[in-house]
Structures are given as structure tokens and as C-alpha cells.
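Worksheet: one structure, shown below.
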Amino acid sequence: MATPAPNRFPDDTGADIFVREYPTAVVPDAPGYLTTRPPLLVLHVPGHGEEYEIRVRRVINALVDPLSDGGKLVPYAILQAGSDGDLLAGEAGKQLTFGIPGNMTPDRFPDFELLRDTVAYVREHPGDWTAPAAKELRDHAYRRRAERGGLPGLLWSLGGKEAPPATGLRGWLLRTWWLSLTRTLPRWLWARRKTARLVRPGRLSLNRRSRWLGTELNVRRSGEDLFGVMDAVAARQAPRLALPADHPRHAEALQAVDRLLLRALLEDLGRPSVGRVLPKRRRRRARPVILLEMPRDAADGAQAAERFLRSFRQAGATVGGPGPLVVAVGRISGTLRAELDPEECNLSQAGLLLHEDAHRPVWVGLREEPFSRAGLPVRRVSPRRFRLSWRTQTSVLAGSTALAVSLLGVGGVELLSGPERDTGCAGGGTAAVAELAEPVPVEPKKWYDEMREVIDRQNARAVRFAEEEDRTVRTVVHFGSDEPTDRTDTLFDGTIPELRGIAMWQGQILREAGADESLVPLVVDVRTTGKGFKDAAAEARELVEEVREADRRGVRNHETVVGVLGFAQSKEATRDALDILESADIPVVGTTATADEMLVSQTYWPFTPLNSDEARMAAEFATTSNIVARPEGADGCVPARHAVVVQNSDDLYSASLAGKFTKWFPGDEQLVNFSQEGAFGTAPPGSPNVTTAAQLAGTVCEMLGSAGGDPIVYWSARARDFTAFVNAFDKQGTCVKDGLTVLGGNELTNVALTGEYADKAWLRLYHSAHRLPTTDKRASWRTQRFAREYDALVGGPSKADPWRHDGHSAVSYDAFHMLSQAVDGARSGRDVHRSAVLAVLRGGVSFEGATGYVHRPLSPNRPPADKTLVLLRQTDGGPVVVGVCGAYEGGVKSQDQGPLCAAD
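Going left to right, the sequence shown walks through residues 1 to 904 as the UniProt record's numbering numbers them.
Laid out in C-alpha cells, this is it:
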């Protein structure tokens, strides 16, 4: 039998995932992941007596060993309660302030130190507290502040000496006012500053909201200062602290002051914010860790340890900003467990949950058997080091900036003058596309039926895994719109390319599952939800009823539903469907629904960038890139200064995208509401409502004529409406002389790549997409391979397929990959529970996909971090990339891709 290693983590179920995720939760790949507040983690350790203590110490050692190499690599604290009266919040702050790794932040704890000194003074005088004593509290706290040095310490030390020698009036003033200058005035200013920081804003502050301590203690009187507030706290709690230690009111008083201390510590740990520019923020590279050793049952110190956990649960729920990772190792009482109401899970799920914002604490029960084996090592963290402190670098930057400004003032003419501005058109010359080119042929029924047949064959193969090989098999449901029946429906609906991507990934799963029994083969249940997803809510309700009935009665292995794919459009109906599916905790991975307003469910993960990101990128592109033809026949193009925005105010996607574009676009804009059905919802007042394409063409033409110059049309409505508009605009002919630049959303990829507008030489069309075309040299090897596999699936000449460069199939392929990887990670023995799939999705999955590198989101229930977003221009030679943001392959980051890709 292997000898248990004192610094190795017990190899319990899922421990391999936990030890993989723990270091990255403390020191993530990108600092942005530090913005989350991970859940309180309780690792329940079995055993009694000395054996229990040895096991607890082993787990603590395994977790702290990777955080140190002889000195602290990250800020951490190991808490051990010596008695029930200990305030562990104070000990946590003391340890976190000691041995801070060089030049790392957070490195200042002003709120905590002040509250610690104040609470200590109150505890030293529990029985003889006589209010008001605000002055005594202030004097004590300021003396302790002076002892820590800095300017207050220097002034305090000077105040203890005689005044500098001087004669005459100056000498008399110095001798008379010396203490006032060195002690009284600095102390008064310090107290006012602390009151403005912790209790209420100063008179000149623009932020009039109450500060955290004022909110915590419900301070209502505007004239109350910090030490008056703390004096009131002392008056309430000091008599209780004087009671015997076993009195319930004594315990309540300790809980109250412990919570205040911990709240102050959490506020300090939340500063500075995570960032990439300011030196102080850039040095926030690791998450502070607090490890709590739970004493044996009823042992001295157990109450103090549980008090700390209660305080963290209460205080942590109200604090924003980056949070520490708190891990309690040992046993907690049944009473505390009921209060915490933790989510019970295994180690693999707990490891993944370390990366997401806390909603509930997490409880993991460790078994006895793994403690008899050697266990698993935990990889040592390696945070980025900085040679200069943030204060030094800030000074250097300030000096450099001042020098640069001086140079600019001296040589401004030379610096500001430069070569003549480039007027080359983004994506090529002013001509739009080749005239009279033929659109590609479309066979809707044939193509749809072919994909359904492929999926049906693959479903039969998945069922055979369950019935003939006794494998664990599960079902995912795909919600799409109705089967397209004619050429128009096919072009304006992404159902066929979406099904192709799903069929491709399902085939990949089944091929790999034949050799790898750890993978879970998946059946795809394709369900339609009516034209334009109008029946999405009803279909979701039906699925929920089926799932609940199956949970009650049980179903065959392969019929168990573990997730949902699809909802390709942002509609009121699809948003309602997400609410319904959340009620049954069914995981949903979206495809091309991009409206921010779809983020209503904690069980839904969108896969493509949100409208807010797309609109910001589009607005930046429109105003910095040459996309509008120069007037009067001059060669070249210029950026846009005016936008005519066309939206359908009754369409969630369209109204969302239009609203966000107008927010970001710095030029002038005019809004038009276009609905061929005559439904205008909450159309903004003063904007025209248009019901026919001919009317829209006339309205847009008139607005373009009255624009101040360099106008574009920003199109956020659906692709079907765009085609009607283009045809009407072409037929009218009065505004096509100088050409028309249209910038549109990802909806236009449904039809723009099919050659539908190939004969409109006056149209300069730019639109967004979700993957790079293979003709672009930046397309990754995975994108190129996907395109080859897509061609093999579709067959025939590649130019005859309308969606070869379209992102729909690649998005559904990667979205299904994301869901299937979560299903594989959630498997425990023969079981795959939906709750476990949710846990894996909340932790995030990563892989190199057809759309680019897929990485866990910076915030829960958001698209993958740095998701690829492309801007294309349609030309006679095919799509040309005019802008790309995000991780189109591993190692590429939007922060390095220029202003077009700047974070919101």
C-alpha cells in the first residue's frame, strides 16, 4: 500500500479535475477572471480524534503548498482557532497583510486596519464602556495609525518634541500652535477623510451614495461621523461582550464585530479593480486565499471557526469586486450547514465552480479510503512578477506623460502634420460586385431532408451503443424554426447550415466514442418551433413536462435529456422559452441568438458575441474606416459621419442591435422603423413607421439626401426585409448614382453570401460574421479542417453551396462541441445528471474550434471569452475580411488587435 504523502491531495472522485482547476482559480490565465467571487468551499473530512486532525492538516498542506516556494507566491492565510473567543477575521487580515509577494496588489488594507484597532479597543473595555466615547475611539485609532508610520507617524513624532527654535512673533506662534499643527489638525483631517470613505460622502463629493459602513449599519443622520457610529456600536455590544462566554448574547456580539471586521477586509481585498492599463490594477495577478482549519467536534475554537464562516457568508453577499477564495477543511455542524445551505457536489464539479461567481456555498464530502493512498500533487502557481512597484511606475508614467505633453507643445506642428490621409476603400475599390452574376441554385427540401436522414442514421448508431454495448448514452434536443419549403425561406433562415454543423459534430462524437469509452454518445432530437420560432415557448413547455415525467417514472438510458441546443434567433418567444427551460434546470447552449436581452436565464449559455459587442465594433469601424464613396466621382472612400438606422422595433434582435449601435455611433443618426407585417411594438417617438419596401426606399433616399455628408445605412432588421429593400431601392433608381454603403449585423450572413445581391453594382455591403473565411490567411488550421469536412458532407462543387463561408454551420458545430464536452465532464460512473452538466458549463470549457478558440467566459452565462467576430465586405471575388476581433485561434487576444477590438 502506498504511504500517504503529507502534501498531496486525497485522490477522491474528481480530484484530478479539482487539482487541475485550483491553481488556475488562484492565478488565472487572464486577469479578467479575477473579477468573479468564487463560492465558499467546504471540504468535509471524515475521521475522529488525532486521525481527523492529521487528515485536515494533509488537505491544508496540499492546498497551501502550491502557493509558496519558501515565501508567499500569492497572498494567503491559514486560520486555526485557539479558543471560541477568537475573531478569525482579524487573524485573516493580519496574515494577508504579512509577506505580500513583491509589488503585487492588493497591498493596502486601510478599512480593515482601522476597524481592527477600533474593535480591539472596545474588547479591551467591555464592562466599563460609557457612551459617548467617540473621542477616545478616534484618539486610539489615530495613535495606532501613527505607529504604522507614514506622514501621520512623522507628524506625531514631531509633536512629541519641542517646537523648532525661533524668536519673535513666529516663535510665539510655533510654541503656541505646535501640537495643533503636528497632531490635532492632522487627526481632524484624517477622521473627516475616513468618515467620507466609510460612512457618508463629503459635501463636495459627486457620488452621494452612502458608503459601505454607513449602509451596513443603516446610518441615517447626515452629521454622524465614523467614530460616533462606532461609539454607538460599542455601546450596544460592549455590555454583551462583558457577559459570560457561554451566554448566547455574548456569542451574538462576537458575531456582529467579526462580521464588521470581515466586511472591512473584503472591501480592501476588492481594491484595486482588475485592469490592464493602470499600474496598480495591472499588478492584481492572483486571488487571495483563506484556508480555515475546522477543529474537532465541540473542541475549543470550533465556535470561532463557524463564526468566521457565518460572517463570510453574510458579508460576502453584499460586497462587489474581486473576491478571495475561502476553503474550510474539516467538519461543520448540522446547524451551520443548514444556515449555509450549500450545494453538494463532487470534487470535479467543485473545481469547475471555483471559476464562477458565488451564489451558494459548495460542500464536498471526502471519503476515508483516499486518505490511505498517496494522493495527487497540486501544481505550483506562477503569477507574473513585477520589478517595479505600482507607485514607482505611476511616477515614471506621470513624468513621461508630462515630457510628452511638453514635446507636443514645442513641436506640435511637426507632430500633428503628416502625410495625406489614405482614401483607399476598405475591402477594395468603389465598385461593389460583378454585374448580372447569377445567384446560386437552392434546393431547400432536398438539403433539409438529407440532413435529417444523416442525423437519423447517427441516432440509430448512438442507440446501438446503449442497447448492444451497454454504454451510457444521452439525448440533446435541438430547437429550430420550421422546415424551409421554398427558396426564399431557405435563404433567410439558417436552419439548414445549422443542422449541417450539428450533424458534423454528432458524427465526430460517435467516431471517437467507438474507441474511447469515457465519452458519452449523444442522440439529437430535432424539434421545430414554427415559423420564426413563434411556438418556441410552447415547445419548451412540452419538453419540460416530458423531462419531469421522465424524472418521476424513469426512461431508457439513451432517452434521458441532458441539454438543449439551438434558438438561433433573438425573439420574445425564444426568450420566454429560456425562462421555461430554466424552471427545470435544463442546460441550454445557444447558437446565433445575439441580443443581450436574451440573458434572462441562469441555465443558458449564448455562444456568439452579444449585440453590445457587435454594435460597438460596427460603430468604431464605420467612423474610422473608409467605407463611404467620395462624392462627385472622386476616387476612394472616407469614414461615415451620418447613419440612417433601419430597425424593426417589434423584433427583439433588431431593436436591441439598433439601440446599441446608436449609443456607440458618434455621428448623427436618423431612425426608421420597418415592418412588412405592420407591427411596430414600442417604436421610438418621432421616427417614421414604414410597412412597404417601396416606402422604405423612398424614406431612406430622402434621409440620405438631407444628411450632412458621408452617410451609410445601418441595417439591423432581418435579411428578408433587406432583400425587399435592396430590390425596391434598385427599382427606384434615384439614389443609386453614387452608390450606397450598407453596414449590417450577422443576420445578413443568412443571404449575403449566396450571391443574392450580385447584380447590384451600386451596393457596397459590409456585415458581421462569426468565423473567418478560409480564403483569409488568418483562418486557423481548425477552421480550415472544418471547411474541408463541410465540403465532404455537402458534396458537389463548393461554389454551388450558398453557406460555405457562412458562420451558421461552424457556430452550431462548436456549440454542440461545447455541450458535449460538458456532458463528458459531468459523467460520474454510468450517470450523467443535468445538474452536473450545468456545473461543468458554469466552470467553463475550452477547446480549439471551427469558429476560433473557445474559452470559458469572464462572467457566468455569457458567451465564451474573446469570441471571434468578423466584419466582411462582399465583392465579386467572394467575402473579404475588413476587420476581425477575438481569439480566431489560440493565443490571439482582442486586447492586442487595436482600437476596433477595444473592450467595452
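Each residue gets a CB set at the ideal place from its N, CA and C atoms; glycine is no exception.
Residue i vs residue j beta-carbon contact at 9 Å
i, j, result
"Ala887", "Ala865", "yes"
"His770", "Val880", "no"
"Ala264", "Leu213", "yes"
"Thr423", "Val742", "no"
"Gly667", "Thr775", "no"
"Ile502", "Phe98", "no"
"Gly563", "Ala822", "yes"
"Asp117", "Asp268", "no"
"Leu352", "Phe227", "no"
"His355", "Gly32", "no"
"Val628", "Ala618", "no"
"Leu671", "Pro684", "yes"
"Arg296", "Glu546", "no"
"Ala498", "Gly480", "Note that residue 498 corresponds to Glu in the displayed sequence, not to Ala. Contact flag set, yes."
"Ala693", "Ala728", "yes"
Residue i versus residue j: straight-line alpha-carbon distance, rounded
i, j, result
"Arg549", "Gln508", "For the sequence presented, residue 549 should be read as Glu rather than Arg. In a straight line, the C-alpha of Glu549 is about 31 Å away from that of Gln508."
"Gly330", "Pro28", "27 Å"
"Ser348", "Asp69", "26 Å"
"Ala256", "Pro239", "13 Å"
"Asp258", "Ala305", "11 Å"
"His808", "Arg527", "18 Å"
"Arg471", "Gly829", "11 Å"
"Gln732", "Asp525", "47 Å"
"Leu340", "Ala235", "30 Å"
"Arg211", "Ala196", "8 Å"
"Val326", "Pro688", "56 Å"
"Val811", "Lys893", "19 Å"
"Ser846", "Trp505", "16 Å"
"Pro101", "Asp65", "15 Å"
"Glu435", "Glu517", "Model confidence at Glu435 stands at a pLDDT of 39, short of 50, so the residue's coordinates are unreliable; what they give is reported in the following sentence. Going by the C-alpha atoms only, they are around 55 Å apart."
"Gly418", "Lys663", "Note that Gly418 has pLDDT 46, beneath the 50 cutoff, so the model's placement of it is unreliable and no number is given."
"Glu542", "Asp876", "47 Å"
"Cys701", "Thr560", "55 Å"
"Val463", "Pro863", "32 Å"
"Arg873", "Leu772", "12 Å"
"Val589", "Met818", "8 Å"
"Thr485", "Ala538", "22 Å"
"Pro383", "Val26", "9 Å"
"Arg57", "Thr335", "24 Å"
"Thr699", "Leu657", "21 Å"
"Ala655", "Asn746", "14 Å"
"Ile580", "Leu189", "56 Å"
"Val644", "Leu652", "19 Å"
"Leu79", "Arg271", "23 Å"
"Ala298", "Val289", "26 Å"
"Thr723", "His805", "19 Å"
Sheet register partners of residue i (DSSP bridge)
i, result
"His44", "Gly365"
"His478", "Val526, Leu565"
"residue 919", "Outside the shown range of the chain (1 to 904) lies residue 919, about which nothing can therefore be said."
"Ala643", "Glu669, Ile712"
"Gly681", "Answer by DSSP bridge pairing: none, since Gly681 is not bridged."
"Ala769", "Val870"
"Gln80", "Glu293"
"Cys901", "DSSP, once it has assigned bridges, lists no residue as partnering Cys901."
Residue i beta carbon near the ligand GDP (any heavy atom closer than 8 Å)
i, result
"His817", "This structure lacks the ligand GDP, and indeed carries no ligand of any kind."
Cutoff 9 Å: residue i Cβ touching any chain B Cβ
i, result
"Glu467", "In the structure shown, chain B cannot be found, because there is only a single protein chain."
Of all the beta strand (DSSP E) runs that stay within the bounds of the region 836 to 872, which reach a length of 3 or more residues? Those beta strand (DSSP E) runs which fall completely within the region 836 to 872 and span 3+ residues are 847 to 849, 852 to 854.
Taking 8 Å as the threshold, find out whether the region 613 to 632 comes into contact with the region 567 to 582 through three or more Cβ pairs. The answer is no - the region 567 to 582 does not touch the region 613 to 632, with fewer than three Cβ pairs under 8 Å.
Which full runs of the alpha helix (DSSP H) of 4+ residues lie inside the region 717 to 745, going along the chain? 719 to 732, all fully within the region 717 to 745.
Does the region 714 to 724 come within contact of the region 646 to 654, defined as at least 3 CB pairs closer than 8 Å? Result yes; three or more Cβ-Cβ pairs closer than 8 Å.
Specify whether the region 43 to 54 and the region 378 to 385 touch according to this definition: at least 3 beta carbon pairs, one from each stretch, less than 8 Å apart. No, the region 43 to 54 does not touch the region 378 to 385.
Threshold first: 4 residues or longer. Then list the alpha helix (DSSP H) segments lying entirely within the region 294 to 346, N to C. 302 to 316, 334 to 340, all fully within the region 294 to 346.
Scan the region 566 to 616 and note each continuous beta strand (DSSP E) run of 3 residues or more that stays entirely inside, going in chain order. Listed in chain order, they are 588 to 590.
Closer than 8 Å is the cut-off here; do at least three beta carbon pairs connect the region 757 to 768 with the region 472 to 488? At 8 Å Cβ cutoff, the stretches do not touch.
With contact counted as at least three CB pairs below 8 Å, one residue from each stretch, are the region 550 to 562 and the region 596 to 605 in contact? Put simply, the region 550 to 562 does not touch the region 596 to 605. Fewer than three CB pairs are less than 8 Å apart.
Is it a yes or a no for the region 358 to 373 touching the region 82 to 100, going by three-plus beta-carbon pairs under 8 Å? Too few Cβ pairs lie closer than 8 Å, so no.
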